[in-house]
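A short write-up of the structure that comes next.
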Amino acid sequence: MSVSPSVSVPHSPRSARWQALTQVEACDRRVAARLDISPVSAAILRARGHDSPEAIEAFFSPHPGLLRDAADLPDIERAIDRLWKAIQDRESILIFGDYDVDGITSTALMVRSLQKLGAQVSYRLPERDESYGLTVAAVDEAATRKIALIVTTDCGITAIDAARRARELGIDLIITDHHEPESELPEAVAIVNPKRADSKYEFTGLSGCGVVYKLMTELLKRYQPTALSSFSERYLDLVALSTIADCVPLHDENRYLVARGLHQLYGTRKKGLRALIESANIRDKGFYVGGDVSFRLAPRLNAAGRLDSPTLALRLLLSNDEAECAELAAQIEALNGQRRTDTDAALLEAHELVEREANLADDRLLIAAGSGWRRGVVGLLAAKLVDKYHRPAFALNIENGHAHGSGRSCADFDLHALLEESRELIVSGGGHAGACGLTVETKRLPEFKEHALEYAADKLSMAELVPRHTADCEAPGRDVTLQLAQEMVQLEPCGSGNHSPVLLLRNARLQTAWPLKADHSKGRMMVDGQSIEWIWWRSADRLPEFERGSTVDCLFVPEVNEYRGQTSLQLTLKDMRVAGD
Ligand SMILES: [Mn+2]
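Under the numbering used here, the first residue of the sequence shown carries the number 195, and numbering increases by one thereafter.
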């Protein structure tokens, strides 16, 4: 995400708290020696629950043995039998998805694979001004088109009314979803969802597209086994996109699906994905990492649904026509540019609101209420406010007499508890301690704000509202090596549940530091007898804090730098401070 230069980056005052989740222990050195890996990698993986040499080896080489048996998914048998009948009888099938990356890719996977099997298939995604999920109106519309079977992807688990309508109209319904079911399930031919209370499937972290992938592999396994092996590779690019974009945890079978899927994506022959990749201008490293999807590809696909129509992105994923793909990719690129401009403007506005309205010396919590902020942007705004001001924050969009938006927390403040305390003042709200959604009537907003500020003042002291920088591991100087940097790449794919590690290094001696163009800086530091190059993005304003020869601590990511055929270690700094401050 880009931030316009007028928005300052979060500053790290001397009072910042630096901590590491773990250290290198003796057991890590033993495991590292046995596997010939860096002790820092061993420590990071131990802290993430991979605490035996076998578990670490399996983590480094995700294999198909991680895949679970699709036959354990609830109702899968009924789903594939009904689908196969529809394919055989050339019944008219409608795939109903959603407007985000998961909803779009799962629809694309279903449509492409059913077409390949000769099915009569069409699709429908909800537009941004329609409500989420399968609606009664959408079922009525399907009836006018003589649809015999509706299959939902990434939605439908709460579509009780729509399911009843489908039954009345004689349309069969298969629901595939990965969202949390409520106590009552819709009436359908089959409901394939690993989160069903009666599910025997032991992993609940599949994306919506992941569920569809499992369904289709099981269908082929049963009815067309010769097509299975090419199918199970060909569509993993879509599964990887959805799994990273939907922020489901990247462990268990998702680790294999995404690792293999990113490989598939890198060499994809889908013309639309090629066009999208080209316009996203991804630096070619010879492979893709999780960040290439989460920061480059996913925002573009989402921009279509958020600013115009998700069907643009779906058509891109379905088209085999080069000219059409180029045209759609260009349209999506323009929408993404618009999204970034809008987001930067909203961010600036939110910061200005806080500077103007909040009492930063005393307010333990921030509420920024603006207008024209899109649904997809309020969560990001709240998170950016927390980053900058180090206290819980809400970003709310005011429209039609209601303020609607998101809250993000820090310093162990419980937003869920705050909302429970505020039931009488709000229309609705829910979530977790760390993140929540909220709707308040605009006329009651001042009251809610006063209550929230009082509540927060009671729970938090100003002293607690300092930035905290949490590294994954403290790296002893002697373990900061090129090998470590190379292994950090093998922790990929990184994303939700397996984030890219940040390390803490203490007591390095700053040898040189000089400004680069565009506010960046670069230099060298002496670490345990070796001189290592570092680079620090957007840090020009911080350089005057440091003198040559001084001892510093830093938060960093070790990276492999390749220059004129030479490979060397380079530290990308996230922050630096005078040692022991
Ligand atoms: Mn989803």
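Just so it is clear, CB atoms sit at the ideal spot from N, CA and C, and this is done for glycine as well.
None of these values were measured; they are calculated from a predicted model.
Apart from the five residues just before and just after residue i, which ones in its own chain have a Cβ nearer than 8 Å to its Cβ?
i: Ile274; result: Leu409, Glu412, Leu413, Arg416 and Tyr417
i: Leu579; result: Ala544, His545, Val548, Leu560, Ala562, Ala587, Ala589 and Arg602
i: Asn755; result: Glu727, Thr761, Ser762, Leu763 and Gln764
i: Lys465; result: Ser513, Asn514, Asp515, Glu516 and Cys519
To the nearest angstrom, how far is it from the Cα of residue i to the Cα of residue j?
i: Glu741; j: His244; result: 41 Å
i: Leu765; j: Thr706; result: 14 Å
i: Ala227; j: Leu541; result: 48 Å
i: Pro375; j: Tyr757; result: 53 Å
i: Phe439; j: Val433; result: Reading off the sequence shown, one finds Ala at residue 439, where the question assumed Phe. Using only the alpha carbons, I get a separation of about 10 Å.
i: Leu575; j: Ala544; result: 7 Å
i: Gln532; j: Gly631; result: 25 Å
i: Leu364; j: Cys349; result: Sequence inspection shows Gly at residue 364; the Leu mentioned does not correspond to that position. Roughly 21 Å separates the two Cα atoms.
i: Leu379; j: Leu367; result: 13 Å
i: Ala214; j: Asp769; result: 14 Å
i: Asp423; j: Met719; result: According to the sequence displayed, residue 423 carries Ser and not Asp. One C-alpha to the other measures close to 51 Å.
i: Leu311; j: Glu251; result: 39 Å
i: Lys716; j: Trp731; result: 9 Å
i: Leu400; j: Asn448; result: 7 Å
i: Ser762; j: Ile281; result: 56 Å
i: Leu239; j: Pro233; result: 10 Å
i: Leu613; j: Gly623; result: 6 Å
i: Gln724; j: Leu704; result: 12 Å
i: Thr338; j: Arg276; result: 22 Å
i: Glu472; j: Pro687; result: 21 Å
i: Ile354; j: Ser377; result: 11 Å
i: Ser206; j: Gly599; result: The predicted model places Ser206 with a pLDDT of 44, which falls under 50 and marks its position as unreliable, so this point remains unresolved.
i: Ile351; j: Glu518; result: 34 Å
i: Leu676; j: Pro752; result: 8 Å
i: Gly743; j: Ser235; result: 30 Å
i: Ala302; j: Leu470; result: 15 Å
i: Arg776; j: Phe750; result: The requested residue 776 is not part of the displayed model; the chain covers only 195 to 775.
i: Tyr482; j: Ala331; result: 41 Å
i: Val621; j: Leu229; result: 56 Å
Secondary structure at residue i, three-state DSSP: helix, strand or coil?
i: Thr216; result: coil
i: Thr766; result: strand
i: Leu749; result: strand
i: Arg718; result: strand
i: Pro419; result: helix
i: Tyr757; result: strand
i: Gly238; result: Reading the sequence as shown, one finds Ile at residue 238 and not Gly. Three-state DSSP puts Ile238 in a helix.
i: Ile250; result: helix
i: Ser200; result: Unreliable positioning characterises Ser200 in this predicted model, as indicated by a pLDDT of 36, which lies under 50. The coordinate reading is nonetheless provided below. Note: Ser200 maps to coil in three-state DSSP.
i: Ala707; result: strand
i: Gly631; result: strand
i: Ser401; result: coil
i: Ser733; result: coil
i: Ser744; result: coil
i: Ala702; result: strand
i: Ser424; result: helix
i: Thr411; result: helix
Excluding sequence positions up to five away, which residues of its chain have a Cβ less than 6 Å from the Cβ of residue i?
i: Thr329; result: Ala356
i: Ser196; result: Its pLDDT being 37, under 50, Ser196 is placed unreliably by the model, and nothing is read from it.
i: His257; result: none
i: Ala384; result: Asp269, Arg272, Ala273 and Ile368
i: Asp722; result: Gly671 and Arg672
i: Pro695; result: Ile238 and Asp666
i: Ala597; result: Ala563, Leu590, Val634, Thr636 and Leu639
Might you give, ordered along the chain, the residues of its own chain that have their beta carbon closer than 7 Å to the beta carbon of residue i, omitting 5 neighbours on each side?
i: Leu529; result: Ala497, Ala498, Leu501 and Asp502
i: Arg390; result: Pro268 and Pro375
i: Ala360; result: Val333, Ile344 and Leu367
i: Asp137; result: Only positions 195 to 775 of the chain appear in the structure, and residue 137 is not among them; the question remains open.
i: Ile231; result: Glu681
i: Lys653; result: Phe607
i: Thr462; result: Asp431 and Arg468
i: Gln525; result: Leu506
i: Phe397; result: Arg262, Pro388, Asp446 and Glu447
Should residue i be flagged as near chain B, meaning a C-beta pair shorter than 7 Å?
i: Arg736; result: Absent here is chain B; the protein component of the structure consists of one chain.
message: Give the residues whose C-beta lies closer than 5 Å to at least one heavy atom of ligand 1, in chain order.
response: The filter returns Asp296, Asp348, Gly402 and Asp440, in chain order.
task: List in chain order: all unbroken beta strand (DSSP E) runs of 3+ residues lying wholly within the region 317-397.
output: Listed in chain order, they are 343-346, 366-370 and 384-386.
query: Taking the runs of the alpha helix (DSSP H) that are 4 residues or longer, which of them lie wholly in the region 257-310?
result: You should have 270-282 and 295-310.
query: Mind pulling the alpha helix (DSSP H) runs of 4 or more residues that sit fully within the region 652-697?
result: For the region 652-697, whole alpha helix (DSSP H) runs of length 4 or above, ordered along the chain, are 676-684.
Whole alpha helix (DSSP H) elements within the region 477-546, 4-residue minimum: DSSP runs (the alpha helix (DSSP H)) wholly in the region 477-546: 492-501 and 504-512.
Secondary structure, alpha helix (DSSP H): runs of 4+ residues fully inside the region 434-472: At a cut-off of 4 residues, the continuous stretches assigned as alpha helix (DSSP H) that sit fully inside the region 434-472 are 447-460.
Within the region 541-629, ranges of the beta strand (DSSP E) (whole runs, at least 3 residues): For the region 541-629, whole beta strand (DSSP E) runs of length 3 or above, ordered along the chain, are 560-564, 587-593, 596-602 and 622-625.
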